[in-house]
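Written out below as structure tokens is the structure these notes cover.
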Amino acid sequence: MKKLIVEREEKEKLLEDIRTETKELEKLKKEQKTGFVEARAKLDQIQDDAKKAKETLTQTQAEEKTVQKKLTEAQKKLKEAENKLKDVKPRTSSFTEAPKKLKEAE
């Protein structure tokens, strides 16, 4: 009879140890799950930030292209204006010389 009581007490102690370990494992599992959720949230935030940065970069590159195109057009117009100015200069000098020649002819 004493032997049965001792065996029962040992089994109860083992059962209590198992319950304690189970609670600790559940606690660790919960902490691990919480850590995973937090890590996932951080990863999602990093991915969102990277996506926004990529969109900003793409937009900036598009704006840079537009500015470059406008600059090229402006340089082309400037070159055309310089060429027209070269054509106009000889005429301008003939206009200033014409009154002198007119006075000489009188």
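Taking the numbering used here, I'd label the letters of the sequence shown as residues 827 to 932.
Here a beta-carbon is modelled for each residue, glycine too, at the ideal position from N, C-alpha and C.
| query | result |
| --- | --- |
| Complete runs of the beta strand (DSSP E) confined to the region 851-904 [at least 3 residues] | none |
| CA-to-CA distance, Asp874 to Thr886, given in whole angstroms | 18 Å |
| Closer than 8 Å to chain C by CB, Leu911 | The chain labelled as chain C is not found in the depicted structure, where only one protein chain is given. |
| Backbone CA spacing between Glu836 and Ala865 [nearest angstrom] | 43 Å |
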